[in-house]
Each structure stands twice: as C-alpha cells, then as structure tokens.
Amino acid sequence: QLFFLKTTKTGGSSLRELFIRFALFEDKRILRSNLPGGILFSPNGSWVHQHQLWPPKQSGTYDIAFDHSTLDPEKLARYMPNATWVTVSRDPLQRIISAIAFFHNEATPQQLLRTTCRDSNHHRVWNSVAWQLFVDEARSRLNLCEKLEVLRSKFDAANMSHVISFVESGQLFVMLTDHMDESRVLLRSRLCWRWLDVLMPGPPISANEQDHNVRMAHKFSHSRAGSVRTSRKGTSRTPAKTVAPRRASKHAAAEQLPPNVAKKLLTLNGLDVRFHDAAKKKFDEYAVRYGAARLTADVTFLRRFQAAVSVMCLACNSGTDHKALVQKLPAFRPMNCSEVACICDVLMYKIRLERPANRNANPTPRRKCSTQSLSDFNAAQDSLEHTVVSMISNCSSMHNVTICKRSRGGDPSLCAKSEICLGNVTSVQGPKKTIFQNPNFPSSSAEAGAPRRARRL
1004 QLFFLKTTKT
1014 GGSSLRELFI
1024 RFALFEDKRI
1034 LRSNLPGGIL
1044 FSPNGSWVHQ
1054 HQLWPPKQSG
1064 TYDIAFDHST
1074 LDPEKLARYM
1084 PNATWVTVSR
1094 DPLQRIISAI
1104 AFFHNEATPQ
1114 QLLRTTCRDS
1124 NHHRVWNSVA
1134 WQLFVDEARS
1144 RLNLCEKLEV
1154 LRSKFDAANM
1164 SHVISFVESG
1174 QLFVMLTDHM
1184 DESRVLLRSR
1194 LCWRWLDVLM
1204 PGPPISANEQ
1214 DHNVRMAHKF
1224 SHSRAGSVRT
1234 SRKGTSRTPA
1244 KTVAPRRASK
1254 HAAAEQLPPN
1264 VAKKLLTLNG
1274 LDVRFHDAAK
1284 KKFDEYAVRY
1294 GAARLTADVT
1304 FLRRFQAAVS
1314 VMCLACNSGT
1324 DHKALVQKLP
1334 AFRPMNCSEV
1344 ACICDVLMYK
1354 IRLERPANRN
1364 ANPTPRRKCS
1374 TQSLSDFNAA
1384 QDSLEHTVVS
1394 MISNCSSMHN
1404 VTICKRSRGG
1414 DPSLCAKSEI
1424 CLGNVTSVQG
1434 PKKTIFQNPN
1444 FPSSSAEAGA
1454 PRRARRL
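Numbering (our numbering), first residue to last: 1004 to 1460.
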C-alpha cells in the first residue's frame, strides 16, 4: 500500500505520474473521490464522506492514493492501514513565487502584496503544505497586512509536533523538489523498486504541463497569427500577438526579490518553513545513511538511465527506423519498442484516469499498451531494465548530447542535455544534437531555424 500526499506547486504533478505507473503496472486498487481531480478532501480540509469515494469501499482496503489530499491518520488507518506515506516539499520561497504566479494570472509577489490583504486562494498559496498536513494554525485565512512580528510569534508557537514527529520517525517520507533526483534514488531504495519505476515525465519526452513557459505558449498559441472575422457589420481583424517572453527561472526570480519582500514571504509562510526545515534535516540523514559516494553515483546512473529510455521513447514514437537509429547510436541495437511502449505512454502523458460510466468500476487505467498477463508483463519490464542497465554499465563511450523532440503546430522544440551511450562511436568532436521528428508533423518556422549540423533520426 502506498499513500502519496500530493502537495501544491512542489512538483507533485510529475511525481503523480510515477505513482500512476505503479498502479497501472501492478493492477492496484486506487483510492480516489468522485470530485474533480479525484481529490480526497472537502473545502474545509477534512476527507470526503465514504459515499464520495470512487470506487466506493465495499470490502477490504485500497492499495494506493496519489491525488491532492490531506494527512488524516484516522482515515488512512481505515482505508490504507499498512501504507507507506510519501510527500514532497519545496523551498518555501520558490514554492510561494510559483503559487502566486499560478493562481494569480502570472502576478509577482510584489503585485499581489500591493493589491490585497486577503487572498481567496489562501490554502493554495499561503502555508499550503501545512494546511494539507492538518496544522490547525494553517486553517484560518491569513491577513497579509498583519504585522510580521505578530505573525512570526503566532507561527513559532504553533503546535506542529505531530507532523514533525511523522517526519523524524520516518513514517512520512518527504522528498525534496530541489533534490528530486536524489529523492527518487532514495525512494527506489525505500520501496525496493526498479530504475524503471522511478522515471518521471519531462524534457525531452514531454513538457512540464504547469511550467510558466508552457502555460504561456498555450495561452498565446491560438492568437499568435491574428484572425479575420466577417459579420453583418463588416470585417474585423484581430492583430497578431507575440509570444510572451520566457520568464527567468524560479531560482533567479527568488534572487531578484527585494530582501524585505523575501523576508515577508518567508514570515507569511512560517509554518511551511518549519516543516521544510525538518524535512531537509531528515533528508540529510537519509543521504548519510545511504552513503554520499553511493548516492552521487546512483544519481548519475539514474540520469543516464532516464536519458536512454527517453531516446528509446522518442525513436519508437517518431517513426524512426530501427536500422537508422542503430547506425547513429549502435548501443541501442537491443532496443525493443514493444517492451518500452507502456513506460513511454506514462512519460509522454498518454495515460489519463477517466471516470468510467459504472461508478463501481475501478478507475485504474488498464495496460492498453500490452495484452500480456501481469506476470508476463513484469517479466518483459525486467528484461527492459536489464537491457538498459547493461548498456549503461558496459558502455565505453558516454557523451553529453542534446536530445530534442519537435512538436506540433510551431511550439518550440523540447530539448534536454543528457549523457547517452554512443556505443563504438568514439570520434566525437564538438556538441552533438539528436532530433527526433514525427514525419506526420509539419515543420514550423521555429524548427526551420535548427542547426544544419543537427542529427536527424
């Protein structure tokens, strides 16, 4: 049993795909609600009533939950008594900047603080992690104009002992957004999973759907070229719009905040700061116990493993001929598209949890990418794991390569720099760039500017 407490603006959406994969591949019984997004809490933070669970509990318990929820030990003891608890925490300053932009139409903290003392999105923006952990002081709406000394005293005196004890005892395993690769390695060790089991969506396979630049690209994509409308009153023209400029990274945005604004944001999120400090301290203990050198080596291996699977997914989904791929990248000769199909579907966001017409049906998405029995399917996944591990472990020529996926309709290419095995290709001079393009997708003006020397597979 596995309970993932998905928190707000901490990278939980990408991690959720990891747990969906686990439920999908292992045919687990999922605990969700019939509310939008399957969230397990009502507006006041308490869990939904039993009749709102989907599918309704008839007998026994559930195996996994991975949607937005609150930490309710009593309900967890009832529905998932033997579950491993997992959540994720993010640097409070980075999280609050991201949350304000997401829930307030790309506003900056300065803009929000200048315009309101009461935020209608209080439990999504301010101390949202503490709110989901059922800390009492996070339940009341925050007055953003209150004196900082008063807020600091209030949050310092707040009783968080029950939450901190869950972290310190290891009952609640807290991953860190700023150390996501290390967190995935430690999660793999804790749950005895394969390397395949801790892969996450992301470039070059897929974009982060909640990233600022992705949101803005979608926002402007339909009005980029302008439009012409004809009616009885005549013809009207809508001028073309330019794509919004790329915003600086969250780290850069935090560094650019005036010190007084950063101080105020941290004070307003004092409960989340306390929880994150405890999570970081425990995370350091996990890292020491795992071994610093071993953790560094395994993080490097995980990145190479993800890059190798990314190449396989892009090749298999772009119509690339296997012989052509092997000529360019000989190490990928053992690649089998049928074995990698299911993991690719997860990494490319092709798996969606749909509500079936029959409310009593299990919402677990079935393995449409494979008709094998569960045992045969897992044997095939073990074979894929062995293939990739052997390729990386025995590789004599690892090189930094920029891997790109060209997308539909003029969106910018998705690119990521990764180490991949080039097999016996040892005479590499200068940077390599490998581009996968589906021949059915039209080339865009953005793609036309790609370097001439780029490899096209």
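Just so it is clear, CB atoms sit at the ideal spot from N, CA and C, and this is done for glycine as well.
Residue i vs residue j beta-carbon contact at 8 angstroms
| i | j | result |
| --- | --- | --- |
| V1392 | W1196 | no |
| G1014 | R1093 | yes |
| R1117 | R1144 | no |
| C1022 | F1007 | According to the sequence as given, residue 1022 is Phe; it is not Cys. For F1022 and F1007, yes; Cβs fall inside 8 angstroms. |
| V1177 | F1286 | yes |
| D1070 | R1035 | yes |
| H1125 | L1115 | no |
| T1090 | L1179 | no |
| L1274 | A1161 | yes |
| K1009 | R1019 | yes |
| P1204 | C1418 | no |
| S1101 | K1157 | no |
| L1268 | L1377 | no |
| L1202 | I1346 | yes |
| L1425 | L1332 | yes |
| M1401 | E1388 | no |
| N1272 | I1042 | no |
| L1512 | A1110 | Residue 1512 is absent from the structure shown; the chain starts at 1004 and stops at 1460. |
| R1024 | V1349 | yes |
| L1328 | P1112 | no |
| V1404 | A1282 | no |
| T1073 | W1050 | yes |
DSSP state of residue i mapped onto helix, strand, coil
| i | result |
| --- | --- |
| L1179 | strand |
| G1413 | Low confidence applies here, because G1413 scores a pLDDT of 42, under 50, leaving its location unreliable and the question unanswered by this model. |
| H1402 | strand |
| H1071 | strand |
| K1408 | strand |
| F1105 | helix |
| K1267 | helix |
| A1210 | coil |
| A1344 | helix |
| A1026 | helix |
| S1466 | Within the shown structure, residues of the chain are numbered from 1004 to 1460, placing residue 1466 beyond reach of any answer. |
| A1161 | coil |
| S1016 | helix |
| L1021 | helix |
| L1056 | strand |
| A1141 | helix |
| P1248 | Its pLDDT being 44, under 50, P1248 is placed unreliably by the model, and the measurement read from it follows with that caveat. P1248: coil per DSSP, three-state reduction. |
| W1129 | coil |
| N1475 | Residue 1475 lies beyond the stretch modelled for the chain, which goes from 1004 to 1460, so this question has no answer here. |
| W1196 | coil |
| S1376 | coil |
| Q1259 | coil |
| Q1174 | coil |
| T1111 | coil |
| D1280 | helix |
| D1066 | coil |
| S1321 | coil |
| Y1352 | coil |
| G1468 | Look at the range of the chain in this structure, 1004 to 1460, and you will see that residue 1468 is not part of it. |
| R1336 | coil |
| M966 | There is simply no residue 966 to check, as the chain begins at 1004 and stops at 1460 in what is shown. |
| D1184 | helix |
| D1094 | coil |
| V1431 | Because V1431 carries a pLDDT of 41, less than 50, the predicted location of this residue cannot be relied on, and the following value inherits that uncertainty. Correct three-state label for V1431: coil. |
| L1274 | helix |
| L1136 | coil |
DSSP beta-bridge partners of residue i
| i | result |
| --- | --- |
| N1146 | R1121 |
| F1007 | V1089 |
| F1044 | W1050 |
| C1424 | M1401 |
| C1418 | C1407 |
Within-8 angstroms CB hit, residue i to chain D
| i | result |
| --- | --- |
| F1304 | The structure shown has no chain D; it contains just one protein chain. |
Worksheet entry | Touch test, the stretch 1295-1315 against the stretch 1175-1192, Cβ-Cβ under 8 angstroms, three pairs minimum | yes
Discussion item. Using a Cβ distance threshold of 8 angstroms, determine whether the stretch 1266-1285 contacts the stretch 1131-1143, with at least three qualifying pairs required.
Written reply: yes
Fill in: Any 3 or more C-beta pairs closer than 8 angstroms across the stretch 1309-1316 and the stretch 1282-1300
no
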